[in-house]
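Beneath this line is the structure, given in structure tokens, with notes to follow.
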Amino acid sequence: MQCLFCSIVEGSSPANIIYEDEHCLSFMDILPMTPGHALVIPKRHARDIFELSEEDASHVIQACQKVAQIIRSRLEPLGINLVNNNGASADQSQFHFHVHVIPRYGRDRLLHPWERSYGDPNQIRSIAEILRGERELPRPE
4 MQCLFCSIVE GSSPANIIYE DEHCLSFMDI LPMTPGHALV IPKRHARDIF
54 ELSEEDASHV IQACQKVAQI IRSRLEPLGI NLVNNNGASA DQSQFHFHVH
104 VIPRYGRDRL LHPWERSYGD PNQIRSIAEI LRGERELPRP E
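Below you can see the structure in the form of structure tokens.
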């Protein structure tokens with residue numbers, strides 16, 4: 004089965020396109036979180052951020068900025084969220100890399116799916132050391 008977003012790029016599936024350039028396409032989300040919720044995708048297929056080329060990543064973020072500016076100037080939201088999910092466990096439902104551009108309005112009642120709290124400083128430091136390559140991830144024996 005062909006990727007839905009690739010078929011939108013090809014023009015064989017309908018979409019309400021709001022921005023297009025040589026590398027990217029932006030269209031309205033059919034399941035909007037708020038009015039004006041749009042998606043930005045690279046035209047070249049990449050399943051997720053791990054398959055996305057550096058070149059396409061650069062083009063996508065530039066397109067996100069342009070789409071956010073269009074939304075801000077024409078819909079006048081109070082803020083905008085950029086959201087990207089990678090992998091089924093991160094709630095990715097379409098496996099073609101995409102960024103949600105979600106306008107925020109005063110009382111839109113849109114909440115983040117997680118609660119924030121301060122982390123353990125020792126754990127944060129330890130994870131930073133692993134990410135910098137200073138030590139290995141502990142493995143169960």
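The numbers in my numbering rise by one with no breaks, and the one at position 96 of the sequence shown is 99.
All C-beta atoms, glycine included, are put in the ideal place defined by N, C-alpha and C.
Query, Result
"Applying the criterion that 16 or more other CB atoms from any shown protein chain within 10 Å of the CB defines a buried residue, is Ser29 buried or exposed?", "buried"
"Give a yes or no on whether the C-beta atoms belonging to Val102 and Val43 are separated by under 8 Å.", "yes"
"What are the uninterrupted segments assigned as alpha helix (DSSP H) that are 4 or more residues long and contained completely in the region 59-132, given in chain order?", "none"
"Measuring alpha carbon to alpha carbon, tell me which residue in Arg75, Pro80 and Asp51 is nearest Ser92.", "Asp51"
"Whole angstroms is fine: what's the gap from Asn19's alpha carbon to Ile127's?", "43 Å"
"Report the three-state DSSP secondary structure of Phe30 (helix, strand or coil).", "strand"
"Classify Glu23 as helix, strand or coil using the three-state DSSP reduction.", "strand"
"With 16 as the cutoff for other CB atoms within 10 Å, does Gly90 come out buried or exposed?", "exposed"
"Helix, strand or coil for Ile44 per DSSP?", "strand"
"Does the structure place the region 65-74 close enough to the region 98-117 that three or more beta carbon pairs sit under 8 Å?", "yes"
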